[in-house]
Amino acid sequence: MDGNGADVIIVGAGLAGLVAARETVRAGLRTILVDQEGPQDLGGQAWWSFGGLFLVDSPEQRRLGVRDSPELAWQDWRGSAGWDRLAPEADGAPGADAWAERWGRAYVDFAAGEKRSWLRESGIELTPVVGWAERGDLTAGGHGNSVPRFHIPWGTGTGVVGPFADAAAEAVAAGRAEIRHRHRCDGLLVEGGRVVGIRGSVLAEDRTPRGAASNRIVERDFELRADAVVVASGGIGGDHELVRRFWPDRLGTPPSRMVAGVPAYVDGRMLGIAEEAGARLVNRDRMWHYTEGVRNWAPVWPGHAIRILPGPSPLWLDALGRRLPPPALPGHDTLGTLRLLRTDPAIAGFDHSWFIVTHRIAAKEFALSGSEQNPDLTHRDRRLLLRTRLGRGAPGPVQAFIDRGADFVSATGAAELVARMNALTPDAPLDPAAVERVIRERDAELANPFSKDAQLHSIRNSRRYLGDRLTRTTAPHRLLDPAAGPLVAVRLHVLTRKSLGGIQTDLDSRVLDPRGAVIPGLYAAGEAAGFGGGGVHGYNALEGTFLGGCLFSGRAAGRAVAAEAR
Ligand SMILES: Cc1cc2nc3c(=O)[nH]c(=O)nc-3n(C[C@H](O)[C@H](O)[C@H](O)COP(=O)(O)OP(=O)(O)OC[C@H]3O[C@@H](n4cnc5c(N)ncnc54)[C@H](O)[C@@H]3O)c2cc1C
Numbered sequence: 018m019d020g021n022g023a024d025v026i027i028v029g030a031g032l033a034g035l036v037a038a039r040e041t042v043r044a045g046l047r048t049i050l051v052d053q054e055g056p057q058d059l060g061g062q063a064w065w066s067f068g069g070l071f072l073v074d075s076p077e078q079r080r081l082g083v084r085d086s087p088e089l090a091w092q093d094w095r096g097s098a099g100w101d102r103l104a105p106e107a108d109g110a111p112g113a114d115a116w117a118e119r120w121g122r123a124y125v126d127f128a129a130g131e132k133r134s135w136l137r138e139s140g141i142e143l144t145p146v147v148g149w150a151e152r153g154d155l156t157a158g159g160h161g162n163s164v165p166r167f168h169i170p171w172g173t174g175t176g177v178v179g180p181f182a183d184a185a186a187e188a189v190a191a192g193r194a195e196i197r198h199r200h201r202c203d204g205l206l207v208e209g210g211r212v213v214g215i216r217g218s219v220l221a222e223d224r225t226p227r228g229a230a231s232n233r234i235v236e237r238d239f240e241l242r243a244d245a246v247v248v249a250s251g252g253i254g255g256d257h258e259l260v261r262r263f264w265p266d267r268l269g270t271p272p273s274r275m276v277a278g279v280p281a282y283v284d285g286r287m288l289g290i291a292e293e294a295g296a297r298l299v300n301r302d303r304m305w306h307y308t309e310g311v312r313n314w315a316p317v318w319p320g321h322a323i324r325i326l327p328g329p330s331p332l333w334l335d336a337l338g339r340r341l342p343p344p345a346l347p348g349h350d351t352l353g354t355l356r357l358l359r360t361d362p363a364i365a366g367f368d369h370s371w372f373i374v375t376h377r378i379a380a381k382e383f384a385l386s387g388s389e390q391n392p393d394l395t396h397r398d399r400r401l402l403l404r405t406r407l408g409r410g411a412p413g414p415v416q417a418f419i420d421r422g423a424d425f426v427s428a429t430g431a432a433e434l435v436a437r438m439n440a441l442t443p444d445a446p447l448d449p450a451a452v453e454r455v456i457r458e459r460d461a462e463l464a465n466p467f468s469k470d471a472q473l474h475s476i477r478n479s480r481r482y483l484g485d486r487l488t489r490t491t492a493p494h495r496l497l498d499p500a501a502g503p504l505v506a507v508r509l510h511v512l513t514r515k516s517l518g519g520i521q522t523d524l525d526s527r528v529l530d531p532r533g534a535v536i537p538g539l540y541a542a543g544e545a546a547g548f549g550g551g552g553v554h555g556y557n558a559l560e561g562t563f564l565g566g567c568l569f570s571g572r573a574a575g576r577a578v579a580a581e582a583r
């Protein structure tokens, strides 16, 4: 296949684009994928991801004693989403959440139904591990997962995207598809109200390793024509200026310094390009950033940081050394915690908060989000998995952060620990006596089998779940217990990651204009489309729903393009 035409052009060879491509190739459509990065970056963010997948009422859950149901999942999803833009606009256009809510319902049904068998047919295998991510705001009808639903696949993110990358490679070898790397889309071609192709720049070859920022040297222009164009270009998390521009007032002020949870190519540029061509962008003020970012001691992309997926036990202090109040408990309420840190005038001037843990807690409860941080799962090394997850001591990557991470300090006693913390943040020195008092108050509650400490309730609840007790939650112990030591403090930063809003689409991933009409020839999928409908998550995510959102919306786009072509 060559030349400047195809049946379909897909902009972005991340997970959503690759999934859409598999569908269009299967339907016999000549498919061109274009991506601004080189072949080494095929698969986009998904390759780097932890791979967590949201599934409902799966055999893996049942085996661990979890009782889930589509009704419970929908209650959780709706309570988390909080869609409040459902009503039509004054000019009659659909509300910004009108399609988002429909996507949410469809996605929960998918996750409770066909998803697992489809994953398996696609070559994605699940481990027996089901994590309990985003436990929520401590209210039944509010945000959060009532039960564990975060399924980890073999291969982590590489195991999710691998089968689709392989399918693309096979299609290229068979002459049914083409991947044009270093092709950056700069505009959509619109004729008579229909999108008929793309134009852009061919960028100079760049052999930087996967994930590293590549050059933007333009060698020449290009133009490609097709009956359909799918935008699968990801979100905005790599461009902190864009993040700041759309940062909502309800989350206070953005930190003056954030760290990057995504490579630089997650630049959000294509969203503006789609808008210029007539697409409606909605819910851009909804984003999913984490408060537990740590700077990577071996960075790959600019400002590269890793999110700690914490178990329930770390003591969480703000920049003034005060314990965060519930529901700002570790692993509970991502945006609720971000809001707290950014809207309290006493601390909003600082960009950090603190975890204090024993080494025992760090060893068992710190999971690092990223394929490269979980070599046992990523390389499907079952022996290493048993050794690292069930054995004593911290997994190698966690210990490496404790030893080498710029945000980690260790000490045998509280006073010494606080002195080391203060050396990291001289502009926000903590009072050692006050920090020790907070630690002792928490430790004293351990002797009380009832306790009024919400975090201890959360820890005990977590241990009632077999999966957590085995792999993710230490038996409650005093932070000042020398046998569990040394003490470890971690300075946490706000880490940018996902965009929850984006291009508004209908259930066939067709792009809508500001009046709610379909733009012929234009489709959008994955993070660019707010994972479907311009905001399938609403305000809050239940985790593991982003990769799943790419699978579901990418598949819908590919199938709709194929149906239209018939
Ligand atoms: C470290 C990490 C851990 C994660 N863990 C999880 C997890 O456990 N579970 C989960 O559900 N999600 C997770 N995620 C999120 C998830 O991986 C992403 O949301 C998802 O992969 C986004 O896929 P996408 O295809 O929409 O976009 P991307 O992967 O961003 O791909 C978009 C592609 O489009 C290209 N592109 C952009 N603009 C242009 C243009 N103008 N012209 C040409 N090409 C362009 C980019 O180069 C890129 O290759 C994680 C993400 C990261 C980074």
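Straight run, no breaks: the sequence shown in this note's numbering ends on number 583. Backbone N, C-alpha and C define an ideal beta-carbon position, used for all residues, glycine too. Since the structure is predicted, the reported quantities are computational estimates derived from the model, not experimental observations.
Handout entry: Contacting residues, own chain, Cβ-Cβ under 6 Å from G5 (five flanking each side not counted)
Key = For residue 5 there is no data in the structure shown, the boundaries of the chain being 18 and 583.
Handout entry: Check: L32 C-beta below 6 Å from any heavy atom of ligand 1
Key = yes
Exercise for the section: To the nearest angstrom, report how far apart T562 and A315 are at their CA atoms. Expected result: 28 Å
Exercise for the section: Write down every uninterrupted run of the alpha helix (DSSP H) in the segment 345 to 398 whose length is 4 residues or greater and which is fully enclosed by it, in chain order. Expected result: 351 to 360, 376 to 382, 392 to 395
Problem - CA-to-CA distance, G176 to E142, given in whole angstroms - result: 8 Å
Practice task
Mark I234 as exposed unless 16 or more other C-beta atoms lie within 10 angstroms of its C-beta, in which case mark it buried.
Solution key: exposed
Exercise for the section: Starting from the Cα of V36, find the closest Cα among G366, G61, Q57, E54 and give me that residue. Expected result: G61
Practice task
Could you please give the first and the last residue of the uninterrupted alpha helix (DSSP H) stretch that includes D126?
Solution key: 115 to 129
Handout entry: Neighbour flag for L59 against chain B, beta carbons, 7 Å
Key = The structure shown contains no chain B, having only a single protein chain.
Exercise for the section: State yes or no: is the C-beta of W65 nearer than 6 Å to some heavy atom of ligand 1? Expected result: yes
Problem - R201: CB within 6 Å of a non-hydrogen atom of ligand 1 - result: yes
Problem - G544 Cβ short of 6 Å to ligand 1 heavy atom set - result: The displayed chain sequence assigns Glu, not Gly, to residue 544. Result yes, Cβ under 6 Å from ligand 1.
Exercise for the section: Determine the direct distance from the alpha carbon of R79 to that of D415, and round the result to whole angstroms. Expected result: It is Val, not Asp, that sits at residue 415 in the sequence shown. Going from the Cα of V415 to the Cα of R79 covers about 30 Å.
Problem - Residues of its chain near F127, where Cβ-Cβ distance is below 6 Å and the 5 sequence neighbours each way are ignored - result: F569
Problem - Strand pairing of G31, partner residues [DSSP] - result: G60
Handout entry: E240, buried or exposed, once every other Cβ within 10 Å from all chains shown has been counted against 16
Key = exposed
Practice task
Might you give, ordered along the chain, the residues of its own chain that have their beta carbon closer than 6 Å to the beta carbon of F181, omitting 5 neighbours on each side?
Solution key: L35, V36, R39
Exercise for the section: Would you mind working out which of A417, G422, A450, I26 sits nearest A431, comparing C-alpha positions? Expected result: A450
Practice task
Under 8 Å by Cβ, that's how I've got S526 and A546 pegged, so tell me the actual separation to the nearest angstrom.
Solution key: 7 Å
Handout entry: C-alpha distance - G82 paired with P165, whole-angstrom precision
Key = 10 Å
Handout entry: Spatial distance of R572 from R459 (CA atoms)
Key = 49 Å
Handout entry: Spatial distance of G192 from L59 (CA atoms)
Key = 18 Å
Practice task
Could you tell me whether any non-hydrogen atom of ligand 1 is closer than 6 Å to the CB of D52?
Solution key: yes
Handout entry: Euclidean distance between Cα positions of L334 and V276
Key = 19 Å
Exercise for the section: Leaving aside the five residues before and after S273 along the sequence, list all residues of the same chain whose C-beta is less than 7 Å from its C-beta, in chain order. Expected result: D368
Exercise for the section: Please confirm whether any heavy atom of ligand 1 lies closer than 6 Å to the CB of L564. Expected result: yes
Exercise for the section: May I ask whether a heavy atom of ligand 1 can be found less than 6 Å away from the beta carbon of Y540? Expected result: no
Handout entry: Every unbroken alpha helix (DSSP H) inside the segment 209 to 277 [4 residues or more]
Key = 257 to 263
Exercise for the section: Report yes if the CB atom of T144 is closer than 7 Å to the CB atom of S388, and no otherwise. Expected result: no
Handout entry: Beta-carbon proximity check, V553 vs A541, cutoff 7 Å
Key = no
Practice task
In the DSSP assignment, find the alpha helix (DSSP H) that holds P449 and state where it starts and stops.
Solution key: 449 to 462
Exercise for the section: Decide yes or no for the touch test of the segment 39 to 50 against the segment 145 to 165: beta carbon pairs closer than 8 Å, at least 3 of them. Expected result: no
Practice task
Look at the Cβ atom of L337, then the Cβ atom of I364, and state whether they are nearer than 7 Å.
Solution key: yes
Problem - Per DSSP, cross-strand counterpart(s) of D52 - result: H198
Practice task
Taking G251 and E544 to be in contact with their CB atoms under 8 Å, please state how far apart those CB atoms are, rounded to whole angstroms.
Solution key: 5 Å
Practice task
With DSSP collapsed to three states, give me the class of F414.
Solution key: One detail in the question is off: residue 414 reads as Pro in this sequence, not Phe. P414 falls in the helix class under three-state DSSP.
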